[in-house]
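Chemist: Numbering (the working numbering), first residue to last: 3 to 721.
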């Protein structure tokens, strides 16, 4: 449940007459309305029976939902209420599909503390729960990452650094998911290993548990044999082994091996390196062998996909994996029995993203931007290759939808997924055979949601300051008076490994940003969302941009290119161009204000990076600026604080002080520098809130404050 931010100040929105005249009053909507729709995530298919389950967050309340055949009418399974910031995720069905285990509560920080964005007197805990399909939840244990044995009698999970097990069934007459008969057995420590364990994977026969085990500079794949009460590490080495997956006969484990490296340049372009490989080990003896190795050059550095498993062991004894051999993230497969040349399953200039398997394990179902580089659609292809991928849904080739997180139902009759478009927000849906797509819970979109008042963003491609082609989404206010010049705003996403799309986004953080951009357009701003270099969706060379981040900040050229594009538009007032963004987008907002205050009149910097030498330690804990003075100097010169002397434009700073991604000190140090420089700034701070705000109220307060700040500094040509 890793999640990629405020609260002493609340500002009301004021809309100037100059902005109001561009939008008819009856088409106006509020931030509360445009952010009122629920957001779905964590879609999982039941192992039998054809049901699916997912998590839905509605105005801060998170709950488990389920839909079953033949009606597939979604219903809420749990009944949590209130905007308390308690996350729900990591859904896993029991083998009989009569219950669902889930994690409630946020991830622990390095001190073992759970997020507490509500500032509750009792610190929240990260807990495992089980809920039966009749809606009766029961707490199981403190921990996360549950994995249920195929036998249905045990659940393995992680608590702090150890792996534990817990019985969840009492007898043959006592169904899984119900309270145990007699006195419940206490959790049992299954594996007490050094380092940190993850990726719990039961063997298909339920006799063994594979897991990853990270140990600072290296990592192992372990197998716990329940009968022998012993742990064996498979083919151990000095390298980083990860992502175990079992063979169908429970005798072998495949895993990824990434060569060890002491390289501490977190943001150096990783286009090539020592090639990664796939190994298969005997689960009983630990002996391993290499079944495939990446070629040198492009694709030699491992690139992961959005999936529960980076490796898929198909039923026809092939391993499916992601590879960037041609500079794009594609799926390949290789035979386990006779290793040789990998077969490409998804050729072309596009990126594969969300990946799963068909019910029979013979096909791969995935999302990609192969039909439209700024959308997502679903496809399916045989794991053995030999055939072209075919579209799963009809919304393809000229359509305007965004589809992701496909899962095949266990009966093989349907594919469930999430989808959205420019106006309609994210929803859980299903396609049964060739029938029309059906939303699973359409009634959850509230009547107040302003679908008809939203605009459809346009794809624009403009030149960066160095000539690189950059994609963006342009939001033009409805009924825009093209004879007048209007205030404009640039938006920069975070990540930077993200891509904003031409519609509602598949990640919660960026779905909120999309809502904010729609709101700003509704208030009369011309908004450009910028997909700057080092983001995803446009190939390896674009993502692994030269001199990006701490090694030169080359994305600033895209900031300038976007600013010049907006300044040159006949409908934009060149004196009223603002910036906003969060995290990496906050970094680029600060870079724009620090280096180009003559172009950018004001900005909103949410939990942004201001000194790379501090933030790099989040990615490379061993990074020592004193040990590499040249790299440290370049990192600081690539940071907004290095250009503080030329920063003149006002800024609103927003940050939660329990941020686990960008240290709160980044905003503390920037405030000190701005004060010394005499730059106008405002601040909105949320005690106990994390990076990706857990409370709906905090998102609203942050966006209200941002809109008010931008109105006051960009309306009527005020600088």
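Every residue gets a Cβ at the ideal spot worked out from N, C-alpha and C, and that includes glycine.
Taking the continuous alpha helix (DSSP H) assigned at residue 678, which residues delimit it?
Modeler: 667 to 679
Chemist: Which stretch, first to last residue, makes up the beta strand (DSSP E) that contains residue 580?
Modeler: 574 to 584
Chemist: Would you tell me roughly how many angstroms separate the C-alpha atoms of residue 145 and residue 152, rounded to the nearest one?
Modeler: 20 angstroms
Chemist: Examine the Cβ distances between the stretch 510 to 521 and the stretch 541 to 555 and report whether three or more of them are shorter than 8 angstroms.
Modeler: no
Chemist: Please go through the same chain and pick out, in chain order, the residues whose beta-carbon is closer than 8 angstroms to the beta-carbon of residue 520, but skip the five residues on each side of it.
Modeler: Residues of the same chain with a CB within less than 8 angstroms of the CB of residue 520, apart from the 5 flanking positions on each side, are 36, 456, 457 and 477 in chain order.
Chemist: So what does DSSP say about residue 2, is it helix, strand or coil?
Modeler: Examination of residue 2 is not possible in this model, given that the chain is present from 3 through 721 alone.
Chemist: Should residue 88 go down as buried or exposed, given a rule of 16 or more other Cβ atoms within 10 Å for buried?
Modeler: buried
Chemist: So, at 7 angstroms on beta carbons, what are the nonlocal neighbours of residue 634 in its own chain, with the 5 sequence-adjacent residues on each side left out?
Modeler: 615 and 627
Chemist: Report the option in 318, 383, 148 and 354 whose CA atom is closest to the CA atom of residue 369.
Modeler: Selected option, being the one with the closest Cα: 354.
Chemist: Under a three-way DSSP split, which group does residue 394 fall into?
Modeler: coil
Chemist: Less than 8 angstroms between CB atoms is the rule here; does residue 240 satisfy it with respect to chain C?
Modeler: Reference to chain C is not applicable here, since this structure consists of a single protein chain.
Chemist: From residue 341 to residue 449, what does the alpha carbon distance come to, in whole angstroms?
Modeler: One C-alpha to the other measures close to 56 angstroms.
Chemist: If you draw a straight line from the alpha carbon of residue 577 to that of residue 564, how long is it in whole angstroms?
Modeler: Straight-line Cα distance between these residues: approximately 15 angstroms.
Chemist: According to DSSP, is residue 91 helix, strand or coil?
Modeler: strand
Chemist: Using 8 angstroms as the threshold, is the C-beta distance between residue 605 and residue 582 below it?
Modeler: Yes, the pair counts as a contact, with Cβ atoms nearer than the cut-off.
Chemist: For residue 289, which three-state DSSP category applies?
Modeler: Shown here, residue 289 sits in coil according to DSSP, grouped into three states, outside any helix or strand.
Chemist: Going by C-alpha to C-alpha distance, which of 67, 204, 218 and 211 sits closest to residue 196?
Modeler: 218
Chemist: Report the rounded CA-to-CA distance for residue 148 versus residue 425, giving the unit in angstroms.
Modeler: 36 angstroms
Chemist: Between the C-alpha atoms of residue 644 and residue 562, what's the straight-line distance to the nearest angstrom?
Modeler: 18 angstroms
Chemist: With a Cβ-Cβ cutoff of 8 angstroms, do residue 411 and residue 52 count as a contact?
Modeler: Yes, they are a contact pair.
Chemist: Mapping DSSP to helix, strand and coil, what is residue 563?
Modeler: helix
Chemist: State the Cα-Cα distance for the pair residue 324 and residue 430, rounded to the nearest angstrom.
Modeler: 26 angstroms
Chemist: Under DSSP, the beta strand (DSSP E) around residue 544 begins and ends at which residues?
Modeler: Residue 544 -> not in any beta strand (DSSP E); alpha helix (DSSP H) instead, spanning 542 to 545.
Chemist: Can you say whether residue 240 is buried or exposed, counting buried as having 16 or more other CB atoms within 10 angstroms of its CB?
Modeler: exposed
Chemist: Would residue 663 and residue 585 be called neighbours here (beta carbons separated by less than 8 angstroms)?
Modeler: yes
Chemist: Give the secondary structure of residue 50 by DSSP, where H, G and I count as helix, E and B as strand, and everything else as coil.
Modeler: DSSP places residue 50 in coil when its eight states are reduced to three.
Chemist: Would you mind listing the beta strand (DSSP E) stretches within the stretch 182 to 239 that are 3+ residues and don't spill past its ends, in chain order?
Modeler: 190 to 193, 198 to 204, 210 to 217, 220 to 227 and 232 to 235
Chemist: Closer than 7 angstroms to a non-hydrogen atom of the ligand SAH - does that hold for the CB of residue 215?
Modeler: No copy of the ligand SAH appears in this structure; indeed no ligand is present at all.
Chemist: Taking 8 angstroms as the threshold, find out whether the stretch 129 to 137 comes into contact with the stretch 97 to 105 through three or more Cβ pairs.
Modeler: yes
Chemist: Would you mind stating whether residue 166 and residue 192 have Cβ atoms separated by less than 8 angstroms?
Modeler: The Cβ atoms of residue 166 and residue 192 sit closer than 8 angstroms to each other.
Chemist: I'd like the span of the beta strand (DSSP E) that includes residue 129, first residue to last.
Modeler: 129 to 134
Chemist: In chain order, what residues of the same chain lie with their CB nearer than 6 angstroms to the CB of residue 462, ignoring the 5 residues before and after it?
Modeler: 474 and 476
Chemist: Smallest Cα separation from residue 350: which of 382, 343, 442 and 373?
Modeler: 373
Chemist: Which two residues bound the contiguous beta strand (DSSP E) that contains residue 159?
Modeler: 156 to 161
Chemist: Check residue 297 in the structure and name its three-state DSSP category.
Modeler: coil
Chemist: Note the first and the last residue of the continuous alpha helix (DSSP H) segment covering residue 616.
Modeler: 614 to 621
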